[in-house]
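Participant: Dropping a structure here in C-alpha cells format, bear with me for questions.
Protein chains: 2
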Amino acid sequence: MTTLDSTGGAEGAAVPAAAAVRRRGGPGARERLLDALRASGPVSRVELAAITGLTEASVSTTVRRLLQDGVVVEVGRTPTAGKPRTLLQLDPGGRTAVGIDLGPVTTTCVLTSQTGGVLARLTSSAPPRESAAQLVDRLARDVETLIEGSGERRERCLGIGLVYGGPRRGSAAAPGGPPGTPGGLEPELLRAALQEVTGWPVLAENDATAAAVGEYWVARVDAARSFAALYMGTGLGAGIVLAGSAHRGARGQAGEFGHVVVDVDGPPCWCGGQGCLEAVAGPAAVVARALADPVARAEAHLEAGGPRSTVGDFSAVARAARAGGGACRALVEASARYVAAAAESLVNLFDLDLLVLTGPGFAASSSLYGPAITRRTGAAASRAWGRAVTVTVSSAAATAPAVGAAALLLQDRLAR
Amino acid sequence: MTTLDSTGGAEGAAVPAAAAVRRRGGPGARERLLDALRASGPVSRVELAAITGLTEASVSTTVRRLLQDGVVVEVGRTPTAGKPRTLLQLDPGGRTAVGIDLGPVTTTCVLTSQTGGVLARLTSSAPPRESAAQLVDRLARDVETLIEGSGERRERCLGIGLVYGGPRRGSAAAPGGPPGTPGGLEPELLRAALQEVTGWPVLAENDATAAAVGEYWVARVDAARSFAALYMGTGLGAGIVLAGSAHRGARGQAGEFGHVVVDVDGPPCWCGGQGCLEAVAGPAAVVARALADPVARAEAHLEAGGPRSTVGDFSAVARAARAGGGACRALVEASARYVAAAAESLVNLFDLDLLVLTGPGFAASSSLYGPAITRRTGAAASRAWGRAVTVTVSSAAATAPAVGAAALLLQDRLAR
DNA sequence: GAGGGAAACTTAACGAGCTTGAGTAAGGGG
DNA sequence: CCCCTTACTCAAGCTCGTTAAGTTTCCCTC
C-alpha cells in the first residue's frame, strides 16, 4: 500500500476528468483541426495531431480535404532532422462571411475573411417607422452593396451572421424593457426572412454571445480557456464560451449578466426582479442619474430635451469622467463597483479565467471599468481558487458584434 | 462507532417520457439509452427510438447488449394493433455502487442499486487525530462491512463514489476557510489511494455536484431540464447539470454559489472577496449571529461553550425558527432573502428552470428557504423570460451526497 | 381455426470516420 | 553515394450507426 502524506499541496495535480471524459463523440476531426488552426499561427500536420489528439493519418486526410476546399493553405516548411514539416494555416483569402449588427440606431454590416479581418464595412440607419418587411429589404440591399463594393467574389461568402440585442426569445416589450430587434420582430422570424430573401444561410445570435465568439475567433483565444465577454450596449450581457463552444442555455437566455442581483433591497427592474445590476448600475441607470444632476449633466454636455440614446449618452458621461469631470466620475465609479461585484459572481459560478470587455458601452469606458473588475476578481481568485483571472479590453469593441456574428457563421459553416 | 441497517430498495413511480431532440455527434447510443431508461418508467424499444432519436435497429442491438450485461430487464408488454411492445427498464437487481460522504464529522456510506434505491447504509466517525493513511483504511473497511452486511454479491458492485466538501483543488485552509477533506488530503490523492487499496474504481466529486447528479438520477429529472442543486452544508454550493451532464468548469470550481456577491459593501469573506453570500448569509454566519444574540441562543438551545458544529448549530437555529422562535426566525429569514437573491442570479446566468434544495443545511430549513426562493425567482422568470422556475426539496436531503456519489459512478461506469 | 393485417422488432449490407501498421517522400550527415 | 531521421500517406480493418428488407407475434375476420 502507498504511503500518504497529509499536506494538501496546491500544486497542479491533474484534476480527474471523471465522467466528463468521453471516449468518442467529441467534435469531429474537421472541427477540431479548424479550431487548432484558428488558435495557432502556422502549424504542421504533426503538431496538429499532437494538439488535437487525432492520429497523423487522420490529420493527413482531413487536411487534404481542407486544402481542396480552399479553407487552408500551405505556407512554408520548417527544417527538422528528417523531412521538413509543411506549415499550414487558414487561408486569409479563403472563405468570407457577412456580419450584421442590428443596433438600436445604426446598422453595421461587415464583410470579413475567415481569419477575422474586416474586408469591407457599411453603415446604414433605419428610416422612421420602418416595417419588418422594409427592414429585411434594407438588410438584403446592404449586404448586396457591401459585397459588390468589396470586390470579393460572392461564391466565397458562406453566409450572414445577424446580431440583435437582448435575449433570444423577446417578450412583449416591457416599459424600459429589453432592447429586442427594431420593429419588434422575433429574431427567428427575421433570420428566416433574411435567409429567404438573400438565399444565403443566416444565423441569428444575441449581441453578447456574438461578441464572445468573435473575440474567440479573431483574438485567437486559447480553446482551453473558459471566458466570458462582458457586453455593454443599451444593457449589460455576458457571452460565455466554455471549452471552445458558446454556452447559450436551454432557451438561449444564459448569460443575463444585467440581471445578476447586486442589491437585495435595490430598485425594481423591468424584468420583474429587484436590485438587478442593470437597474442599479447599467448604462441607462448611470445616464438617468447624470441627467438628474445638473453638475454631471453639464460635464457631459447632455442636452436636457434632445433625442435620447442610451449608448450615446452613456459614452458622453464616460468621456466626461475620463476628462476629469468629478460628478460624472463618481457616477461611473459607483457603477463600476457593482459591475465588478457581478463579474466576480460570474467568474465564481462559471470558473472563468478570462473576461473581455466589449460592446459600445465599454468602448468608451473600459479604462474606468477594467481596473475595478481586475481588482475585485483578482483578489479572491488568486488567494482562494488558485486561478488567475485576466481582464482585457476588446481591440475593436464597437465593431465586435458584427465581426462576431460573421465569425459565428464561419465557425458553423466551415465545420461541415 | 458503527451502525448498520439494511433497507429495501425504494423504486420510484413511472414518469412520462418526453422526446428529446439531439443532433449527431452527441453521446453514443448506449449512453443515450441509459439516460432515457433512467428518466422513464418501463419503455418499449420503439419508444426508446423516438425518445433518443436513434433508429429502431440501433436501439435493438444496443438493448440486446444491455440485456446481456444484466443492466436492463424486460418487464412486460403492452398490447398494440400488432405485435405487443416489450417493456424495458433498468434492472433494480442489476448493478450496485457504493457512495461515501466524507462529512466534517461523520462519514456516511451507502450501497445503492442502479435505480438509486439504498440497499444498505453505514455511518462511522473519525477518531481524533486520524492520519490520511488511517482514513483510507477506515473507508476501505467500511466499504467491506457495508457490502458484507448487505448480502449483495460483490461482483455486482461497479465501484465507489466519494464526496468531499469544497472545491476540487483545496487551498491551504484559510481561517474559517473552505471545508476540504478531513486530514486536509487532496481529493485526488485520496481517490487514488482508496482505489489502490480497494481495487474498485473510485470517482471523487464535490458535494454539491454529487448531490445534483444524484437528484438527476434518483429523482428521474428530465434530461431536457437545466437544473442546479443548491447545497447547504458547512457552506453553500451549487451543483449544475445542463442537458444531462454535470457542469464542473475548467478547474472543477464552477458553481461556487457561496461566493456570489450579494452585498458590494459586505463583510470580507475567507476567499478574499467581500460580501459573498456565504459570509453574509451562509450557515456559519447565521450561527454566529444566533450565538451573539442571547434570545436567539436560548431559543435554539445553543450551548455557549460546547463543541461547535456549523451544520448541527444551524439545524438547531432552523428548528427553533420553525417552532416559532421569533429571534431565530428573523435570522433565518434575513439569510433566506440573500440566498434567494443569489439563486436568482444563478438562474439568470445559467438559464435554469429547476432548483433543488439539498444537503444537511436545507434538510432542516427548506420550509423557510424554499418559499423565499420560489417567490424571488418566480416573479422575474415568468414575466420577462417566459420560463417557469420550479423549486423543490430533495426527498432525502441528508443522504443526497452519498447517494449522488454512487449515482455518479454508476452513470460513468454503465455507459461503457 | 386458417389467413390476413399491423406493428414491433431483427437481420444483413453498407458506409462514414477513425485507427493501425506498413509503406513512401524528403532532407541531412558521413 | 548510402543511410539515417522524420514527415507524411496508403491500405486494410474496426466500430458504430444507418437503410432496407425480412421475421415474429399479436388481433381480427371469415
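Those sequence lines, one after another, are chains A and B.
Whatever position you read off the first sequence (first residue = 1), add 3 for the numbering used here.
Whatever position you read off the second sequence (first residue = 1), add 3 for the numbering used here.
Every residue gets a Cβ at the ideal spot worked out from N, C-alpha and C, and that includes glycine.
None of these values were measured; they are calculated from a predicted model.
1) Can you give the Cα-Cα distance for G152(A) and L411(A), rounded to whole angstroms?
2) Verify the CB distance criterion: does R159(B) have a CB-CB separation below 8 Å to chain A?
3) So who's on the other strand from T81(B), going by DSSP bridges?
4) What are the partner residues of N351(B), as DSSP defines its beta bridges?
5) Should R35(B) be flagged as near chain A, meaning a C-beta pair shorter than 8 Å?
6) For the stretch 341-360 of chain A against the stretch 392-404 of chain A, do three or more pairs of beta-carbon atoms, one drawn from each stretch, fall closer than 8 Å, so that the two count as touching?
7) Does any residue of chain A have a CB that is nearer than 8 Å to the CB of Q425(B)?
8) Output the residue ranges of the alpha helix (DSSP H) runs that lie fully inside the stretch 205-271 of chain B and measure 4 residues or longer, sorted by chain position.
9) Do R80(B) and R68(B) have their C-beta atoms closer together than 8 Å?
10) Tell me, please, which residues DSSP counts as bridged to V335(A).
11) Is V74(A) near the ligand MN, going by C-beta to nearest heavy atom under 7 Å?
12) Could you tell me whether the stretch 232-244 of chain A touches the stretch 258-266 of chain A, where touching means 3 or more Cβ pairs closer than 8 Å?
13) Could you pull the DSSP bridge partners for T115(A) from this structure?
14) List the DSSP bridge partners of C160(B).
15) Distance check for V314(B) and D72(B), CA to CA, integer angstroms please.
16) If we count the other Cβ atoms within 10 Å of its Cβ and call it buried at 16 or more, is A231(B) buried or exposed?
17) Using a beta-carbon distance cut-off of less than 7 Å, what residues from the stretch 363-391 of chain A approach chain B?
18) With burial defined as no fewer than 16 other Cβ atoms inside 10 Å of the residue's Cβ, what is the status of L93(B): buried or exposed?
19) Can you give me the C-alpha to C-alpha distance between E199(A) and T115(A), rounded to a whole angstrom?
20) Determine the DSSP secondary structure at V2(A), reduced to helix, strand or coil.
21) Use the C-beta contact count for V108(A): other C-beta atoms within 10 angstroms, 16 or more gives buried, fewer gives exposed.
22) In chain order, what residues of the same chain have a beta carbon less than 6 Å from the beta carbon of G11(B), not counting five sequence neighbours either side?
23) Going along the chain, which residues of its own chain have a beta-carbon closer than 8 Å to the beta-carbon of T402(B), five neighbours each way excluded?
24) Alpha carbons only, please: which of L349(A), L417(A), V49(A) and T55(A) is nearest the one belonging to K86(A)?
25) Quick check on this structure: which residue in A333(A), V75(A), G327(A) and R254(A) has the alpha carbon closest to the alpha carbon of V290(A)?
26) Please confirm whether R340(A) has its beta-carbon closer than 8 Å to some beta-carbon of chain B.
27) Taking D210(B) as the query, report the chain A residues whose CB atoms sit under 9 Å from its CB, ordered along the chain.
28) Could you check if Q137(A) is buried or exposed, using at least 16 other CB atoms within 10 Å of its CB as the buried criterion?
29) Hey, is V61(B)'s beta-carbon within less than 8 Å of any beta-carbon in chain A?
30) Classify V224(A) as buried or exposed, calling it buried when 16 or more other Cβ atoms lie within 10 Å of its own Cβ.
31) Going by DSSP in three states, S417(B) sits in which element: helix, strand or coil?
32) Cα separation between Y341(A) and A284(A)?
33) So, is the C-beta of L349(B) closer than 8 Å to a C-beta in chain A?
34) Could you tell me the distance, in whole angstroms, from the CA atom of R504(A) to the CA atom of G168(B)?
35) From L142(B), P363(B), G56(B) and A375(B), pick the residue whose C-alpha is nearest to that of V126(B); which is it?
36) What does the alpha-carbon distance come out to for the pair R33(B) and V62(B)?
Facilitator: Based on what the coordinates show:
1) 23 Å
2) no
3) R88(B)
4) BP columns for N351(B) are empty, so no partner.
5) no
6) yes
7) Any question about residue 425(B) goes unanswered here, given that chain B covers just 4 to 419.
8) Runs of the alpha helix (DSSP H) inside the stretch 205-271 of chain B: 210-221.
9) no
10) In the DSSP output, where bridge partners are listed per residue, V335(A) has none listed.
11) The ligand MN is absent from the structure shown, which contains no ligand whatsoever.
12) yes
13) A100(A) and V121(A)
14) Its beta-bridge partners are T99(B).
15) 42 Å
16) buried
17) A382, A383, R386, A387, W388, G389 and R390
18) buried
19) 22 Å
20) Since the displayed chain A opens at 4 and closes at 419, residue 2(A) lies outside it and no answer follows.
21) By the neighbour-count rule (16 or more Cβ atoms within 10 Å), V108(A) is not buried but exposed.
22) Since pLDDT at G11(B) reaches only 30, below the 50 mark, its modelled position is unreliable, and the value read off the structure follows with that caveat. Around G11(B): no qualifying Cβ.
23) Once the five neighbours on either side are set aside, the close Cβ partners of T402(B) are D104, T111, V113, V121 and R124.
24) It is V49(A) whose Cα lies nearest to the Cα of K86(A).
25) Distance from the Cα of V290(A) is smallest, within the candidate group A333(A), V75(A), G327(A) and R254(A), for A333(A).
26) yes
27) Those do not exist, as D210(B) stays about 14 Å from chain A at its closest Cβ, beyond 9 Å.
28) exposed
29) It should be pointed out that residue 61(B) corresponds to Ser in this sequence rather than to Val. Not closer than 8 Å to any Cβ of chain A, the Cβ of S61(B) fails to qualify, so no.
30) So V224(A) ends up on the buried side.
31) A small correction: the amino acid at residue 417(B) is Leu; Ser does not occupy that position in the sequence shown. Looking at L417(B) - three-state DSSP - the assignment turns out to be helix.
32) 6 Å
33) By this cut-off, L349(B) is an interface position.
34) The structure shown does not extend to residue 504(A), since chain A is modelled only from 4 to 419, so the question has no answer here.
35) First, the amino acid is wrong: residue 126(B) is Thr here, not Val. Considering only alpha carbons, the answer is L142(B).
36) 9 Å
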